[in-house]
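Chemist: First to last, the protein sequences are chains E and C. Position one of the first sequence corresponds to residue 1 (the UniProt record's numbering), numbered consecutively onward. Position one of the second sequence corresponds to residue 1 (the UniProt record's numbering), numbered consecutively onward. Every residue, glycine too, gets a C-beta built ideally from N, C-alpha and C. Let me give you the structure first, and then I'll get to my questions.
2 protein chains.
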Amino acid sequence: MSGETKILDAAASLFSARGVDAVSIREIAEAAGISKATVFHYFDSKDTLYQAVVRRSCEGIGAYVEQLVAREDSHSLAALADYHRRDFEEMQAHADVVRLVLRELTLGHDRQARALAEDVFGGQFIHLRRLLEKSQQAGTLRSDIDTGVAAVSMVSINLFLLLVWPVLRHLPDTPFVRMDTAAESMFSLLIHGLRESNHPKEQGK
Amino acid sequence: MSGETKILDAAASLFSARGVDAVSIREIAEAAGISKATVFHYFDSKDTLYQAVVRRSCEGIGAYVEQLVAREDSHSLAALADYHRRDFEEMQAHADVVRLVLRELTLGHDRQARALAEDVFGGQFIHLRRLLEKSQQAGTLRSDIDTGVAAVSMVSINLFLLLVWPVLRHLPDTPFVRMDTAAESMFSLLIHGLRESNHPKEQGK
DNA sequence: GCATAAACCAACCGACCGGTCGGTCAATAG
DNA sequence: CTATTGACCGACCGGTCGGTTGGTTTATGC
Numbered sequence: 001m002s003g004e005t006k007i008l009d010a011a012a013s014l015f016s017a018r019g020v021d022a023v024s025i026r027e028i029a030e031a032a033g034i035s036k037a038t039v040f041h042y043f044d045s046k047d048t049l050y051q052a053v054v055r056r057s058c059e060g061i062g063a064y065v066e067q068l069v070a071r072e073d074s075h076s077l078a079a080l081a082d083y084h085r086r087d088f089e090e091m092q093a094h095a096d097v098v099r100l101v102l103r104e105l106t107l108g109h110d111r112q113a114r115a116l117a118e119d120v121f122g123g124q125f126i127h128l129r130r131l132l133e134k135s136q137q138a139g140t141l142r143s144d145i146d147t148g149v150a151a152v153s154m155v156s157i158n159l160f161l162l163l164v165w166p167v168l169r170h171l172p173d174t175p176f177v178r179m180d181t182a183a184e185s186m187f188s189l190l191i192h193g194l195r196e197s198n199h200p201k202e203q204g205k
Numbered sequence: 001m002s003g004e005t006k007i008l009d010a011a012a013s014l015f016s017a018r019g020v021d022a023v024s025i026r027e028i029a030e031a032a033g034i035s036k037a038t039v040f041h042y043f044d045s046k047d048t049l050y051q052a053v054v055r056r057s058c059e060g061i062g063a064y065v066e067q068l069v070a071r072e073d074s075h076s077l078a079a080l081a082d083y084h085r086r087d088f089e090e091m092q093a094h095a096d097v098v099r100l101v102l103r104e105l106t107l108g109h110d111r112q113a114r115a116l117a118e119d120v121f122g123g124q125f126i127h128l129r130r131l132l133e134k135s136q137q138a139g140t141l142r143s144d145i146d147t148g149v150a151a152v153s154m155v156s157i158n159l160f161l162l163l164v165w166p167v168l169r170h171l172p173d174t175p176f177v178r179m180d181t182a183a184e185s186m187f188s189l190l191i192h193g194l195r196e197s198n199h200p201k202e203q204g205k
């Protein structure tokens with residue numbers, strides 16, 4: 001493994017666990033098994049290193065999304081559930097990256113959010129939307145809903161769960177014991193809706 | 001306004017915008033119009049100050065939720081939508097606090113998550129759950145769903161939107177132009193479900 | 001063997017960090 | 001008037017920060 005990769009790995013791990021500002025270059029160097037000066041041999045500044053970590057992490061996301069996206073061709077509810085389940089598994093496997101990106105979002109930097117939207121999530125969004133459109137045409141899904149809103153609702157379940165799980169676990173009389181079953185429950189709810197089925201529609205759109 | 005309050009205000013603002021570690025006591029003192037030493041006159045350490053900021057912010061959350069909770073007595077979908085809308089407005093009004101808490105969650109400290117669950121969100125969770133149970137008994141909502149899962153799904157929409165809105169806005173061919181209408185759309189979707197109504201149920205739970 | 005360049009590092013730098021200290025000042029109490 | 005007290009601050013502390021420098025080791029090509 002190259003020196004650069006070792007640095008990026010160590011930095012990614014530390015940054016995602018404690019945030020950029022709480023981690024020093026010294027620590028990163030130590031974790032990577034090199035000297036502090038060598039870090040600066042590969043990266044001009046701490047910020048450059050951080051940006052590189054974020055970029056590489058996003059590439060990672062992009063990669064798994066493509067993999068996720070490659071094989072969907074059905075338009076049954078089961079296929080949708082399968083997509084959702086695999087997306088959850090991938091997110092959980094890369095929880096550190098997810099946390100890093102989410103923390104970045106709490107800072108509200110619009111430029112980086114824009115980059116994320118265009119370079120990383122744009123692809124997943126477009127594909128998932130197309131998947132939902134097909135299901136609409138097949139009559140599996142309601143055709144009077146915006147597929148963009150639906151796509152985001154699906155993804156939001158997994159992201160949200162991963163972020164607030166420690167809280168959910170400790171809620172009073174909590175129904176949340178396992179994260180994966182929680183994800184399934186919430187997805188099922190989104191599919192079938194809260195409303196009693198044979199109840200007259202009170203609001204459309 | 002007392003010196004202590006001035007410090008807490010300044011610290012809360014700076015912490016929520018940039019995170020604890022990126023803000024120095026000097027900055028906080030300057031923003032509060034006092035000297036650095038005076039900050040330590042009121043708070044033993046930076047961490048004590050940070051904990052105080054988090055605690056006060058959470059008190060704020062608790063307060064508005066109680067206020068929100070006090071007057072719901074209906075069990076119609078419209079009442080639920082009203083609850084959701086007002087919850088969204090409150091969250092948006094206190095977006096800085098929400099960001100502070102969410103960033104805290106990305107660090108994955110289980111102790112603080114537990115404290116949040118028990119002291120802050122527990123009350124909101126219990127009430128919303130009771131609201132949903134009433135709606136179930138009235139036949140407005142499906143009775144075969146877990147009200148806890150439903151409650152969290154409702155809250156998740158607002159929290160998630162507030163966090164990832166800058167990304168959603170820049171998604172390719174995005175249907176998201178206004179945050180409040182996006183919240184309404186996602187809530188409506190949760191109520192009515194993705195599934196085509198007269199489609200046979202494929203999975204029940 | 002020798003030159004060249006990349007990889008690597010110990011030692012160092014000025015700036016700034018969280019935190020302390022000794023003290024001033026105004027208000028209040030007796 | 002004096003004693004006490006809490007709010008407040010300038011100056012300072014040890015230590016760490018991100019970053020630089022000057023140089024050694026290692027690998028490569030000829």
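Relative to the C-alpha of Glu90 of chain C, which residue among C:Leu100, C:Leu80, C:Leu107 and C:Gln67 is closest?
Modeler: Comparing Cα-Cα distances from Glu90 of chain C to each of C:Leu100, C:Leu80, C:Leu107 and C:Gln67, the minimum goes to C:Gln67.
Chemist: Is the Cβ-Cβ distance between Ser185 of chain C and Asp144 of chain E less than 8 Å?
Modeler: Not a contact, by the Cβ cut-off of 8 Å.
Chemist: Using Cβ-Cβ distances below 8 Å, what residues of the segment 164-175 of chain C are close to chain E?
Modeler: Within the segment 164-175 of chain C, the residues whose Cβ lies closer than 8 Å to some Cβ of chain E are Val164, Pro166, Val167, Leu168, Arg169, His170, Leu171, Pro172, Asp173, Thr174 and Pro175, listed in chain order.
Chemist: Could you please give me the residues that DSSP links to Arg195 of chain E through a beta bridge?
Modeler: Beta-bridge pairing links Arg195 of chain E to C:Leu141.
Chemist: Does DSSP put Arg178 of chain E in a helix, in a strand, or in coil?
Modeler: Residue state, collapsed to three classes: coil.
Chemist: Using the C-alpha atoms, what's the distance from Ala12 of chain C back to Leu194 of chain C?
Modeler: For Leu194 of chain C and Ala12 of chain C, the distance between alpha carbons rounds to 40 Å.
Chemist: Which full runs of the beta strand (DSSP E) of 3+ residues lie inside the segment 14-79 of chain C, going along the chain?
Modeler: With a minimum length of 3 residues, no continuous beta strand (DSSP E) run stays inside the segment 14-79 of chain C.
Chemist: Using a Cβ-Cβ cut-off of less than 7 Å, give me the residues of the segment 132-148 of chain E that come near chain C, in sequence order.
Modeler: Listed by position, the residues of the segment 132-148 of chain E near chain C (Cβ gap below 7 Å) are Gly139, Thr140, Leu141, Arg142, Ile145, Asp146 and Gly148.
Chemist: Alpha carbon to alpha carbon, what distance is there between Ala63 of chain C and Phe88 of chain E?
Modeler: Cα to Cα, the separation comes out at about 34 Å.
Chemist: So what's Met186 of chain C in DSSP terms, helix, strand or just coil?
Modeler: The answer is helix: DSSP assigns Met186 of chain C an H, G or I state.
Chemist: Which class does Leu163 of chain E belong to by DSSP, given the choice of helix, strand or coil?
Modeler: The answer is helix: DSSP assigns Leu163 of chain E an H, G or I state.
Chemist: Three-state secondary structure (DSSP) at residue 215 of chain C?
Modeler: A query on residue 215 of chain C cannot be resolved here, the shown segment of chain C reaching from 1 to 205 and no further.
Chemist: Just the C-alpha distance for Asp173 of chain C and Arg18 of chain E, rounded to the nearest angstrom, thanks.
Modeler: Their backbone Cα atoms lie some 35 Å apart in a straight line.
Chemist: Return no unless some Cβ of chain E is closer than 8 Å to the Cβ of His192 of chain C.
Modeler: Chain E, which has a Cβ nearer than 8 Å to the Cβ of His192 of chain C, makes this yes.
Chemist: Under 9 Å between beta-carbons, which chain C residues line up against Gly19 of chain E? List them in chain order, please.
Modeler: Simply Gly19, Val20, Asp21, Ala22, Arg103, Thr106 and Leu107.
Chemist: Can you name the start and end residues of the alpha helix (DSSP H) that Ala113 of chain C belongs to?
Modeler: From DSSP, the alpha helix (DSSP H) with Ala113 of chain C extends over Asp110 to Ala115.
Chemist: Any C-beta of chain E sitting closer than 8 Å to the C-beta of Ser185 of chain C?
Modeler: Cβ-Cβ to chain E under 8 Å: yes for Ser185 of chain C.
Chemist: In whole angstroms, what is the alpha-carbon distance linking Glu202 of chain E and Leu141 of chain C?
Modeler: For Glu202 of chain E, the pLDDT reaches just 42, beneath the cut-off of 50, and the residue's location in the model is therefore unreliable, although a value from the coordinates is still provided. Taking the straight line from one Cα to the other gives about 12 Å.
Chemist: If the cut is a Cβ gap below 8 Å, which residues of chain C does Asp110 of chain E touch?
Modeler: By Cβ distance, chain C contributes Pro166.
Chemist: Express the C-alpha separation of Phe176 of chain E and Ala81 of chain E in angstroms, rounding to a whole number.
Modeler: Straight-line Cα distance between these residues: approximately 19 Å.
Chemist: Can you pull out the residues from the segment 46-71 of chain C whose beta carbon lies closer than 8 Å to at least one beta carbon of chain E?
Modeler: Those residues of the segment 46-71 of chain C that come within reach of chain E (Cβ to Cβ, closer than 8 Å) do not exist; the list is empty.
Chemist: Sort C:Leu77, C:Ala52 and C:Ser45 by Cα distance to Glu196 of chain E and report the nearest one.
Modeler: Closest by alpha carbon: C:Leu77.
Chemist: For a test of the three-state rule: what should DSSP assign to Asp9 of chain C, helix, strand or coil?
Modeler: If DSSP states are grouped into helix, strand and coil, Asp9 of chain C belongs with the helices.
Chemist: Could you tell me the alpha carbon to alpha carbon distance between Val152 of chain E and Lys46 of chain E, rounded to whole angstroms?
Modeler: Rounded to the nearest angstrom, the two C-alpha atoms are 34 Å apart.
Chemist: How would you call Gln136 of chain C, buried or exposed, if buried means at least 16 neighbouring beta carbons within 10 angstroms?
Modeler: By the neighbour-count rule (16 or more Cβ atoms within 10 Å), Gln136 of chain C is buried.
Chemist: Would you say the segment 36-43 of chain C touches the segment 32-42 of chain E, given that touching needs at least three Cβ pairs under 8 Å?
Modeler: Short answer: they don't touch.
Chemist: Is there at least one Cβ from chain C nearer than 8 Å to Gly14 of chain E's Cβ?
Modeler: A small fix is needed here, since residue 14 of chain E is Leu in this sequence, not Gly. No - not a single Cβ of chain C is within 8 Å of the one on Leu14 of chain E.
Chemist: So, for Pro200 of chain C: in the same chain, excluding its five sequence neighbours on each side, which residues have a beta-carbon less than 7 Å away from its beta-carbon?
Modeler: Low confidence applies here, because Pro200 of chain C scores a pLDDT of 45, under 50, leaving its location unreliable and the question unanswered by this model.
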